[in-house]
Every structure is written in C-alpha cells, then in structure tokens.
Amino acid sequence: MKKHVFFFSSIASFLFISCNNFTSENPISADGIRKPKAPKAVGPPRILFIGNSQIEYFVSAPTLFQELCNANNVNINVQQLITMGVGLDKVYYTNKTEANQNFSNIDKDGNYYDYVVLQESTPTALTNVEKYRTNLKLIAEKIHKNSPDAAIYVYQNIPPLPYTNSDYNEYYKELRKNTILATAFIKNAGMLRVGDAVTDAYEGKHGYQYLKNNKDNLRFGQSTLHFLNDGGFLQAVLLYVTLFDKKPIIPKKLILSTGTGDHDNLRKQEVSKAISNPKALEEIALSNR
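Heads up, the sequence shown is in the working numbering, so the first residue is 698 and it goes up one at a time.
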C-alpha cells in the first residue's frame, strides 16, 4: 500500500512541476487533465487530425465530426494526416511533404490551425512514455511554428483487448496515466478522453448496452479492434462536446459503415437505425468532455 501511495503522490508532484508553466492559461483538474484554450479565429477555424486507424477505419472521426458541425451550423475546416498501424513519428515521415506544406501555411489571425488531435499508436502509448512524449513534441513543435496558440488534444487510446479480457482495466489505467504524463509537456494541450468514454460505455453508464446478439457493438477486430458505428458516433460526439462544451444537434442521417466485410462501405444512414442507443452515447460523451 505504501508503494502505491508513493507512486500516485509522485505522479501528482510530477504533473504539478511539469505543468507549472501552463497553469495561468490552462486550469488543471483534480486528475491532472488540462483544458486547452483555442485561439480566437478570424474566419472559419481549422482542425487537424493526425493518427492511425483508431481515427479512421470502419468509420471516420473527421467525417463524422464534420457532419456534426455542419448540422449545427459550425463552420470549420477539417484536415487529416492518417497512416494505418504506425505511431505519430511514422505518420509524419510517411506524409512529410504534405505535412510540411500544411505546417508552413499561415493565417492572418496568427494561427493556421486552431485545434489539433494527436493520436499515438497504442503500443507506444501503453509501453513507452518517453517515446510517446518525444513523438508529441516532434509534431507540436512543427505545428507551433505557424499555429503557436493551437489547442492540442492528445487522444486517450483504448485498451487493445476485448472488454471481457481480465487485463482490460489494467491496460486502461496504464494508458490513461501515460497519456496524462506525456501531455503535460506540451503547450496548451489536454486529453481527448476517448478511453474514458469507451470504458464508461462498456460499463453500461447511462443505460448503454454494448452487447448485441453476444457481439461487441462498439469495436470489432482480431489483433486490432476498430470502432464500429456506435464507437465512431461516441468518438465524434465526444470531440464535439469537448471542443464546444455543448451537446450537438444530431442529424437524422450520418455517414456510417454498412458492415465489416470487404464489400461494405460508408454511406448515409439513419442514426436511429445504425446506432443502437444514440441518447446514451451522447450522455456518456458529455460526461467525459
């Protein structure tokens, strides 16, 4: 017990010291999570997604987020740099020409990007905090050249295990801790609480039931679990409420997946039919903003 007390006390002290330079601009909650502040934009703001298949696979977080913004008359420019199965450093180097071009763009308000979502690979986020921190710093430094005040949201990864696996909670706690520690070194950065929201959904918060015909309604896969329509919807709503601090009006139809087979694709579908319990997922998102 004493070891655990010392361990968590050390984390709290570490976060206090590491975040000291940012306390005036970003308040820190009791669990060490900062809330980044977006710069004042002249014209439509821009958001950039950088990551891998956790952001876009069966469903697309950038596409769903754009649709929510459109339905709520929020004019925003959505961009992405996505490479499957790799960490942030590899995403950058794989897309280096496009990335450098984007990062060199300027805007008259002083920030080309207003929001940035950074999603590290799950193995790195889970097992290598030093590399996690280094990769975040690599991207943040490039973004800050022409977007010095961008609000950066570091994606909290989900355990790469089924919820029924006995190690799920240990992986969840480790990923959460590592994300907070790595984020503490980045200016005007906070955590996009995807892992928290998904775990709440698995736990049945707000009446959500993740099992349908004994199948996981949130994620699907073998070695890698990717979001299905319920999970993708939860992720997009979570991002919206995190950025804008209010629930979105949900349109009747969204671009969602028809299934997980080779011949399935994305198309407009009725939310009430393609999402098992949108109201419960909205509430889960709102409670994790």
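Ideal Cβ positions, reconstructed from N, Cα and C, are used throughout, including at glycine.
Here the structure is a predicted model, which is why all the values come from computation and not from measurement.
Between the alpha carbons of residue i and residue j, how many angstroms are there, rounded?
i, j, result
"A886", "F800", "18 Å"
"E827", "Q906", "37 Å"
"G784", "L833", "10 Å"
"P845", "L815", "16 Å"
"Q988", "H960", "Nothing can be reported for residue 988, as the shown portion of the chain is limited to 698 through 986."
"R731", "E871", "18 Å"
"S818", "T921", "11 Å"
"A977", "N749", "27 Å"
"L830", "P736", "According to the sequence provided, residue 830 is Arg. The question's Leu does not apply to it. Their Cα atoms are separated by approximately 24 Å."
"Q776", "V813", "9 Å"
"K970", "R890", "26 Å"
"I752", "T760", "10 Å"
"F930", "N962", "16 Å"
"I946", "N767", "10 Å"
"Q919", "P857", "10 Å"
"Y754", "K902", "26 Å"
Could you work out which residue in the options is closest to residue i when comparing CA atoms only?
i, options, result
"I779", "F746, F762 and Y810", "F746"
"P741", "D806, M781 and T921", "D806"
"D913", "Q798, E753, P859 and N875", "P859"
"A894", "E979, T957, K970 and N962", "E979"
"K734", "D811, E795, D786 and Y789", "D811"
"K949", "D786, E764, F755 and S757", "E764"
"H923", "K965, I836 and I855", "I855"
"Q932", "S984, T957 and K884", "S984"
Going by the DSSP bridge assignment, what does residue i pair with across the sheet?
i, result
"V814", "F746 and Y850"
"L908", "D913"
"H923", "F917"
Taking the beta strand (DSSP E) that residue i belongs to, which residues open and close that run?
i, result
"N774", "N774 to I779"
"K950", "K950 to S954"
"L889", "A886 to L889"
Note the first and the last residue of the continuous alpha helix (DSSP H) segment covering residue i.
i, result
"E967", "E967 -> not in any alpha helix (DSSP H); beta strand (DSSP E) instead, spanning L963 to E967."
"G918", "It is not in any alpha helix (DSSP H) - G918 carries neither H nor E in the DSSP assignment."
"D942", "Here D942 belongs to no alpha helix (DSSP H), and DSSP marks it neither H nor E."
"K976", "P975 to S984"
"L761", "A758 to A768"
Excluding the five sequence neighbours on either side, which residues of its own chain have a C-beta within less than 6 Å of the C-beta of residue i, listed in chain order?
i, result
"M888", "I730, V851, Q853, T876 and T880"
"N772", "P741"
"D897", "I981"
"T821", "G784, K828 and Y829"
"F899", "Reading the sequence as shown, one finds Tyr at residue 899 and not Phe. Cβ neighbours of Y899 beyond the five flanking positions: Y860 and Y907."
Can you give me the Cβ contacts of residue i inside the same chain, cut-off strictly under 7 Å, excluding the 5 residues immediately before and after it?
i, result
"K1023", "Nothing about residue 1023 can be read from this structure; the chain reaches only from 698 to 986."
"N843", "F800, S801, N802, I803 and Y809"
For residue i, which residues from the same chain have a beta carbon less than 8 Å from its beta carbon, with the 5 sequence-adjacent residues on both sides left out?
i, result
"N774", "P741, P742, R743 and I744"
"N825", "none"
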